[in-house]
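Below you'll find the structure, written out as structure tokens, and then a few comments.
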Amino acid sequence: MTKQCIIIGASHAAAQLAPSLRQEGWDGDIIIIGDEPYLPYHRPPLSKSFLAGEKTAEGLAIRPAAFYEKNSIQFRQGRVTAINRSTQTLTLSDGQEQSYDKLALCMGSRVRKVSLPGSELEGVHYLRDITDVEGIKAHVEKDKHVVIIGGGYIGLEAASALRKLGMNVVVLEMAERILQRVTAPELSEFYTRIHTEEGVHIHTGIAVSEITGETHTEKVICADGTEFPVDLVIVGVGILPNIELAVEAGIEVDNGIIVDEFCRTNDANIVAAGDCTNHFNKIYNRRIRLESVPNASEQGKSAAASICGVSKEYKSLPWFWSDQYNLKLQIAGLSLGYDQISIRGDKLAGRSFAAFYFKDGQLISVDCVNRPQEFMLSKKIIAEKLSIMPAQLADETIEIKELMKLSSQH
Amino acid sequence: MGSITFIEHSGDQHAVEIEEGKSLMQIAMDNGVPGVDADCGGECACGTCHVIVDANWTSKTGNVTEEETLMLDMTPEKADTSRLSCQITTTEAMDGMVVRLPEFQM
Numbered sequence: 281m282t283k284q285c286i287i288i289g290a291s292h293a294a295a296q297l298a299p300s301l302r303q304e305g306w307d308g309d310i311i312i313i314g315d316e317p318y319l320p321y322h323r324p325p326l327s328k329s330f331l332a333g334e335k336t337a338e339g340l341a342i343r344p345a346a347f348y349e350k351n352s353i354q355f356r357q358g359r360v361t362a363i364n365r366s367t368q369t370l371t372l373s374d375g376q377e378q379s380y381d382k383l384a385l386c387m388g389s390r391v392r393k394v395s396l397p398g399s400e401l402e403g404v405h406y407l408r409d410i411t412d413v414e415g416i417k418a419h420v421e422k423d424k425h426v427v428i429i430g431g432g433y434i435g436l437e438a439a440s441a442l443r444k445l446g447m448n449v450v451v452l453e454m455a456e457r458i459l460q461r462v463t464a465p466e467l468s469e470f471y472t473r474i475h476t477e478e479g480v481h482i483h484t485g486i487a488v489s490e491i492t493g494e495t496h497t498e499k500v501i502c503a504d505g506t507e508f509p510v511d512l513v514i515v516g517v518g519i520l521p522n523i524e525l526a527v528e529a530g531i532e533v534d535n536g537i538i539v540d541e542f543c544r545t546n547d548a549n550i551v552a553a554g555d556c557t558n559h560f561n562k563i564y565n566r567r568i569r570l571e572s573v574p575n576a577s578e579q580g581k582s583a584a585a586s587i588c589g590v591s592k593e594y595k596s597l598p599w600f601w602s603d604q605y606n607l608k609l610q611i612a613g614l615s616l617g618y619d620q621i622s623i624r625g626d627k628l629a630g631r632s633f634a635a636f637y638f639k640d641g642q643l644i645s646v647d648c649v650n651r652p653q654e655f656m657l658s659k660k661i662i663a664e665k666l667s668i669m670p671a672q673l674a675d676e677t678i679e680i681k682e683l684m685k686l687s688s689q690h
Numbered sequence: 027m028g029s030i031t032f033i034e035h036s037g038d039q040h041a042v043e044i045e046e047g048k049s050l051m052q053i054a055m056d057n058g059v060p061g062v063d064a065d066c067g068g069e070c071a072c073g074t075c076h077v078i079v080d081a082n083w084t085s086k087t088g089n090v091t092e093e094e095t096l097m098l099d100m101t102p103e104k105a106d107t108s109r110l111s112c113q114i115t116t117t118e119a120m121d122g123m124v125v126r127l128p129e130f131q132m
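Chains as they are written, first to last, in the working numbering: chain H, 281 to 690; chain S, 27 to 132.
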């Protein structure tokens with residue numbers, strides 16, 4: 281009988297894993313089960329160019345239908361409700377069963393929901409998929425008011441896109457500074473300045489207590505009594521990995537599905553890739569869960585290889601990007617635990633600089649705003665653990681190419 | 027319909043059909059050409075869709091933006107005619123064009 285590889289989740293990871301299976305020689309069936317009515321699509325533009333109306337839903341597809349047909353990759357719309365490992369079957373929400381020889385878990389993550397009074401009112405939206413953004417777009421109109429709850433990358437990107445469309449934008453962040461969970465105070469300060477210059481009102485250290493309105497949202501009320509009139513509320517307070525299916529099936533989970541460097545779980549027939557996984561990262565010498573497209577794609581390649589009995593180690597340097605206004609932020613590595621920061625360029629004026637993070641004298645991460653060369657340089661230094669001095673990076677009289685040479689000499 | 031040929035570092039060739047208006051990166055992805063990673067999906071953010079355009083065809087591939095130049099400058103396998111394929115919009119005038127892929131995408 282033809283072997284079957286089932287992929288749960290029509291995600292970024294799945295869009296890479298399925299074709300990689302063919303490249304690695306899998307000649308059995310490949311079926312991707314997803315609960316959205318779309319082929320796998322690019323999610324990063326959702327809070328950027330798609331929200332701003334510069335891209336269509338069709339334009340988001342990672343690969344066209346013809347590609348999947350040509351590679352005999354099938355799609356099945358549905359939701360898996362159980363993984364039965366002893367019988368190697370899946371149960372779907374419509375009651376049907378689907379058997380598997382190999383299984384790939386690419387379930388991604390979902391938005392963290394808030395349980396505020398009024399959060400069910402019309403005009404309150406999250407931002408994770410195409411349907412969410414289409415819902416948001418229905419309320420977008422010049423000079424109308426939007427409150428964004430959460431000053432993380434998603435919230436700030438949405439602020440940028442909606443400001444471009446002429447809306448009055450307020451961002452409310454509970455922590456003392458925006459981007460607190462993901463970056464240094466220097467970056468928070470910079471993005472606060474930029475958004476303020478662009479006309480966005482950022483409030484930090486403020487908690488929302490209620491959203492009010494008849495049927496449609498009218499006001500956001502904060503714990504300190506401050507009120508904001510609203511036509512639209514966007515909640516962007518983080519995401520949670522989709523791990524429940526794995527937990528219930530007895531697959532090892534600890535802040536994500538535990539995988540090894542070949543994306544294998546503790547079940548020999550099951551691999552996992554993307555946001556829902558937790559892997560041991562050799563560059564940082566600790567277990568991490570990443571919310572990142574490049575991670576999903578690279579793990580997809582390793583997972584596909586493992587299914588085909590080939591060892592392809594996942595060892596990529598994590599990287600991320602964020603577009604806001606005319607700023608392209610490129611982030612390489614993880615800055616958590618840094619003990620020294622070095623800045624190249626003027627972060628107090630203008631819109632171009634890089635912040636380098638060091639730990640025990642080693643460069644571990646960089647945030648580059650409109651500095652693609654510093655980004656490319658840092659990727660190499662961090663991944664290969666080359667040495668460079670913080671003072672050298674801060675010195676703009678030393679050209680980037682010279683820095684590349686300096687770092688390679690050790 | 028015209029076609030463009032991608033040549034991998036290993037020498038393997040992939041002739042893909044031109045779809046006017048799509049980027050060179052996208053038609054490589056649409057046809058599963060190995061060696062074009064395109065991590066960022068065409069935002070000129072990652073530098074992983076590097077191609078080297080055959081010197082006879084550079085007049086057809088349009089201008090290089092400053093941002094693209096800065097990214098390419100740091101790419102180890104950069105050649106004189108290097109481009110990020112997400113920044114090239116394909117047209118029928120590219121029928122017969124050949125582009126080479128580097129050994130590694132950074």
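Built from N, CA and C at the ideal position, the CB exists for glycine as well.
Beta carbon proximity, residue i to chain S, threshold 8 Å
i, result
"R408/H", "no"
"K424/H", "no"
"S672/H", "Sequence check: residue 672/H is Gln here, not Ser. Not an interface residue."
"Q653/H", "yes"
"L657/H", "yes"
"N549/H", "no"
"Q354/H", "no"
"E322/H", "Per the sequence shown, the amino acid found at residue 322/H is His instead of Glu. Yes, H322/H counts as interfacial toward chain S."
"N351/H", "yes"
"F347/H", "yes"
"Q689/H", "no"
"I376/H", "Correcting the residue type first, residue 376/H is Gln in the shown sequence and not Ile. Cβ-Cβ to chain S under 8 Å: no for Q376/H."
"I662/H", "no"
"I680/H", "yes"
"P521/H", "no"
"Q303/H", "yes"
"T598/H", "For the sequence presented, residue 598/H should be read as Pro rather than Thr. Closer than 8 Å: no."
"R343/H", "yes"
Residue i at chain H interface by Cβ criterion, 8 Å
i, result
"M51/S", "no"
"A81/S", "no"
"M97/S", "yes"
"P60/S", "yes"
"D65/S", "yes"
"D38/S", "no"
"A54/S", "no"
"A71/S", "yes"
"E93/S", "yes"
"M100/S", "yes"
"M27/S", "no"
"M132/S", "yes"
CB-CB length for residue i against residue j, believed under 8 Å
i, j, result
"A131/S", "D63/S", "The sequence given here places Gln at residue 131/S; Ala does not occur at that position. Rounded, the Cβ-Cβ distance is 5 Å, consistent with contact."
"K422/H", "M447/H", "7 Å"
"E129/S", "H35/S", "4 Å"
"W599/H", "K659/H", "7 Å"
"G73/S", "M97/S", "5 Å"
"L445/H", "A332/H", "7 Å"
"G589/H", "T557/H", "About 20 Å; that fails the 8 Å criterion."
"M123/S", "Q653/H", "Between Q653/H and M123/S the Cβ distance is about 28 Å, and since that is not below 8 Å, they are no contact."
"V674/H", "I623/H", "According to the sequence as given, residue 674/H is Ala; it is not Val. Contact flag correct, Cβ pair sits at about 6 Å."
With three or more beta-carbon pairs closer than 8 Å as the criterion, would you say the region 370-390 of chain H touches the region 462-478 of chain H? Proximity of the region 370-390 of chain H to the region 462-478 of chain H falls short of the contact definition, fewer than three beta-carbon pairs being nearer than 8 Å.
The region 475-492 of chain H contacting the region 384-400 of chain H, beta-carbon criterion three pairs below 8 Å: Contact between the region 475-492 of chain H and the region 384-400 of chain H is present, because at least three Cβ pairs lie under 8 Å.
Kindly provide the ranges of any alpha helix (DSSP H) runs that are 4 or more residues long and lie completely inside the region 504-565 of chain H, ordered along the chain. Taking only runs of at least 4 residues, the alpha helix (DSSP H) segments lying wholly in the region 504-565 of chain H are 524-528.
Per the contact definition of three or more C-beta pairs closer than 8 Å, is the region 79-91 of chain S in contact with the region 634-647 of chain H? These segments do not touch.
Taking beta-carbon pairs under 8 Å, can you tell me which members of the region 601-626 of chain H lie near chain S? Answer set for the region 601-626 of chain H: W601, D603, K608, Q610.
Can we say the region 639-652 of chain H touches the region 597-616 of chain H, given the rule of at least three CB pairs closer than 8 Å? The region 639-652 of chain H is in contact with the region 597-616 of chain H.
Residues of the region 451-474 of chain H in Cβ contact with chain S at a cutoff of 9 Å, in chain order, please. Only those residues of the region 451-474 of chain H whose C-beta falls short of 9 Å from the nearest C-beta of chain S would be listed, and there are none.
To be precise: take each residue of the region 566-586 of chain H, compare its Cβ to all Cβ atoms of chain S, and keep it if any distance is under 7 Å. Which residues remain? For the region 566-586 of chain H, the set of residues with a beta-carbon nearer than 7 Å to any beta-carbon of chain S comprises V573, P574, S577, in chain order.
By the 7 Å beta-carbon criterion, what residues does the region 283-301 of chain H contribute toward chain S? Result list: P299.
Count the C-beta pairs between the region 290-306 of chain H and the region 375-394 of chain H that are closer than 8 Å, then say yes if the count reaches three, no if not. Yes: the two stretches touch, three or more of their Cβ pairs being nearer than 8 Å.
State whether the region 312-326 of chain H contacts the region 283-290 of chain H, with contact taken as three or more CB pairs (one from each stretch) at a distance under 8 Å. Cβ pair count under 8 Å is three or more, so yes.
Runs of beta strand (DSSP E) wholly within the region 354-391 of chain H (minimum 3 residues, chain order): Note on the region 354-391 of chain H: whole beta strand (DSSP E) runs with a minimum of 3 residues are 360-364, 369-372, 377-379, 382-385, 389-391, in chain order.
Report yes or no: do three or more beta-carbon pairs, one from the region 516-529 of chain H and one from the region 350-357 of chain H, lie closer than 8 Å? With a cut-off of 8 Å, the region 350-357 of chain H and the region 516-529 of chain H do not count as touching, because too few Cβ pairs lie within range.
For the region 86-123 of chain S, list the alpha helix (DSSP H) runs that are entirely contained and at least 4 residues long, ordered along the chain. 92-99, all fully within the region 86-123 of chain S.
Counting only runs that start and end within the region 396-451 of chain H, where is the alpha helix (DSSP H) found for 4 or more residues in a row? Runs of alpha helix (DSSP H) with 4 or more residues, each lying fully within the region 396-451 of chain H, are found at 410-417, 433-444, listed in chain order.
As an exercise, report each continuous alpha helix (DSSP H) stretch of at least 4 residues that is fully enclosed by the region 52-78 of chain S, in chain order. Fully enclosed alpha helix (DSSP H) runs of 4 or longer: not present.
Counting pairs of beta carbons, one from the region 466-473 of chain H and one from the region 535-552 of chain H, are three or more of them closer than 8 Å? A contact is defined here as three or more CB-CB pairs under 8 Å, and the region 466-473 of chain H fails this definition with respect to the region 535-552 of chain H.
Counting Cβ pairs, one atom from each stretch, are 3 or more of them under 8 Å apart for the region 451-458 of chain H and the region 430-441 of chain H? By the Cβ rule, the region 451-458 of chain H counts as touching the region 430-441 of chain H, because three or more pairs are nearer than 8 Å.
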